[in-house]
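Read top to bottom, the protein sequences are chains A and B. Positions in the first sequence are counted from 1; adding 1 to them yields this note's numbering. Positions in the second sequence are counted from 1; adding 1 to them yields this note's numbering. To keep things clear, I will list the structure first and then write my remarks on it.
There are 2 protein chains.
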Amino acid sequence: MNFPVIGIIGGMGPQAGLDLAAKVIAETQATTDQDHLPVALLSYSHLIGDRSAYVFGEPVLNPAIAISSIACKLSELGVQVAGIPCNSAHAPQIFDELTRSLEGTGIRILHLIQETIRYIREILPDLNRIGCLSTLSVHRLGLYRSALENAGYTPIMPPDEIAEQVVHRAIFDPEYGIKAQPAPTTRTAQSMVYSALDECRKTGAEAVILGCTELPLAVSSAEDLPLIDPARALARALIRETTPQKLRPL
Amino acid sequence: MNFPVIGIIGGMGPQAGLDLAAKVIAETQATTDQDHLPVALLSYSHLIGDRSAYVFGEPVLNPAIAISSIACKLSELGVQVAGIPCNSAHAPQIFDELTRSLEGTGIRILHLIQETIRYIREILPDLNRIGCLSTLSVHRLGLYRSALENAGYTPIMPPDEIAEQVVHRAIFDPEYGIKAQPAPTTRTAQSMVYSALDECRKTGAEAVILGCTELPLAVSSAEDLPLIDPARALARALIRETTPQKLRPL
């Protein structure tokens, strides 16, 4: 049996690439090693500059250039469909440039945020008020807010103060943050994320997007509040676009 | 900064490739995404036949053929050093054929089992009696037993009955086995692995190799008995052979 190879442009950060690959495995219908889908993961962190720095105007190269060259290497391996597990790489200044540079190369990059919206529609068809926790840069860029609005949802974003003092710190604090202590995450980080989820719930969110690849490490469920993992959405989209017959039913 | 790319031939099973990549991240001295080493992971499970079946004489192709073609793809990406996180792929019938087929291609595959021995010498220089838990095929092939003997160690292998009824079942049982329920592993599987570790301890083992990529998921420590994770040894070897200045001190 020959399957099309699923491409992953990882390294932003390196753990997020592995997390997406793990979710491709989890979302595949398979009982033996040989049933699993081929994945080519290029995790070239050192080549790709800071996405937030570029978007917020620091004088650095557009990360789209490095991402595009990695996509071309995947294309040489025969990959036609790939994903990028990094929210801020989907800022229009980066993603649109990437898409333009790949025209005619035969490789197509699925859009993490658009796939998340599509996934919400599929698993939670009756909801309208969708919250989103993320890093400060994704929050400030409004990536999920505008995508939700464009799709007809009412986005419920935490106030700037919560985004900055609670969510961002829970991710980045050098002592207790999820990036510093990912396995297991600290109680402090966990309770901060839960308090931000409570804030979303109080302001009417019916479900919340965990719009940063680190957040699912700290919280996996929140009682009656469905949590949406964009990496899972992207993993399912990669299977759907390459080998739909192997996609595990929801 | 340009670093040589670390190659991983994954897919045997797919989770083991991700586990090795995660250990490369963990063993790298890095504080930002950009500090991390480039990794190319090709997880082409569907191409590679069952290693045990071949070794035990079933009429299937030598998996070395598929592994070699994947190594050549890594070589085309510029990879010069790669690892294979699969114990049974290191049976001489497979690994020697692989090495022969890659002569002159410029890519070198580090040897998981030899690197594990080297790692033991480094972290536990004064020990001599080394136990090993593994799948039944690696146990029967005696891969670790002969490597330990050749290096001057006294191997402490569990009796065949324990290898078969306890360790192998803890890994493969369709209900409670680690392959069936990897995250989290079941209490049954955990206590079976612990009882096999106790058996090793009783027969004089001073440390035990977890010679199957699934075992570290069920046990991470065993009181006074040091546990050796070959994937960690291989991750460190890949860094040492490509970018020694980035290897995290022990």
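Backbone N, C-alpha and C define an ideal beta-carbon position, used for all residues, glycine too.
CB of residue i within 9 Å of CB of residue j, strictly
i      : j      : result
V80/A  : G12/A  : no
L274/B : I229/B : Residue 274/B is absent from the structure shown; chain B starts at 2 and stops at 251.
V209/A : G143/A : no
V61/B  : Q94/B  : no
A171/B : A206/B : no
V40/B  : E242/B : no
P15/B  : A22/A  : yes
L125/B : V168/B : no
S53/A  : S138/A : yes
S70/B  : I108/B : no
L103/B : A72/B  : yes
T155/B : R130/B : yes
L42/A  : L78/B  : no
V25/B  : I179/B : no
L19/A  : L19/B  : yes
Closest by C-alpha distance to residue i, when choosing among the options
i      : options                        : result
K247/A : A17/A, L103/A, T32/A, Q16/A    : T32/A
E224/A : Y45/A, Y195/A, T29/A           : Y195/A
R202/B : H140/B, L226/B, T214/B, A184/B : L226/B
T204/B : A92/B, V82/B, I157/B, P15/B    : I157/B
P64/B  : F57/A, S147/A, L19/A, Q35/A    : Q35/A
P159/B : Q94/B, E150/B, R109/B, E200/B  : E200/B
A164/A : T189/A, R141/A, L21/A, V25/A   : R141/A
L216/B : P183/B, Y154/B, D51/B          : P183/B
L48/B  : H37/A, H91/A, R52/A            : H37/A
N3/A   : A67/B, T29/B, E28/B, P5/B      : A67/B
S147/B : P175/B, I179/B, I118/B         : I118/B
F96/A  : A181/A, D127/A, I10/A          : I10/A
G153/B : E176/B, P175/B, Q115/B         : Q115/B
A90/A  : V6/A, I26/A, D51/A             : D51/A
T189/B : L198/B, Y177/B, A181/B         : Y177/B
T214/B : P5/B, V6/B, A17/B              : A17/B
D174/A : S221/A, Q30/A, T136/A, D161/A  : T136/A
Q166/A : I121/A, S221/A, E98/A, M193/A  : M193/A
Extent of the continuous beta strand (DSSP E) run through residue i
i      : result
P156/B : 155-157
I10/A  : 7-11
I210/B : 208-212
V25/A  : Per DSSP, V25/A belongs to no beta strand (DSSP E); it is in the alpha helix (DSSP H), 15-27.
A152/B : Counting along the chain, A152/B falls outside any beta strand (DSSP E), and DSSP gives it neither H nor E.
V40/A  : 40-44
Neighbour-count burial assignment, residue i, 16 or more Cβ in a 10 Å radius
i      : result
G105/B : exposed
A232/A : buried
E150/A : exposed
G58/B  : exposed
E28/B  : buried
Residue i - containing alpha helix (DSSP H), residue span
i      : result
L216/B : 216-219
S89/B  : Element bounds for S89/B: n/a, residue is neither H nor E.
S135/B : Premise fails: S135/B lies in the beta strand (DSSP E), 130-135, not in any alpha helix (DSSP H).
E1/B   : Nothing about residue 1/B can be read from this structure; chain B reaches only from 2 to 251.
L239/B : 231-243
F173/B : 170-173
A67/A  : 64-77
T117/B : 113-124
Y55/B  : 52-56
A197/B : 188-203
Any non-hydrogen atom of the ligand ATP closer than 8 Å to residue i Cβ
i     : result
R52/B : Here there are no bound small molecules, and the ligand ATP is not part of this structure.
**Asked** Hey, is the segment 84-97 of chain B in contact with the segment 232-244 of chain B, meaning 3+ C-beta pairs nearer than 8 Å?
**Response** In this structure the segment 84-97 of chain B lies against the segment 232-244 of chain B, because at least three pairs of beta carbons, one per stretch, are closer than 8 Å.
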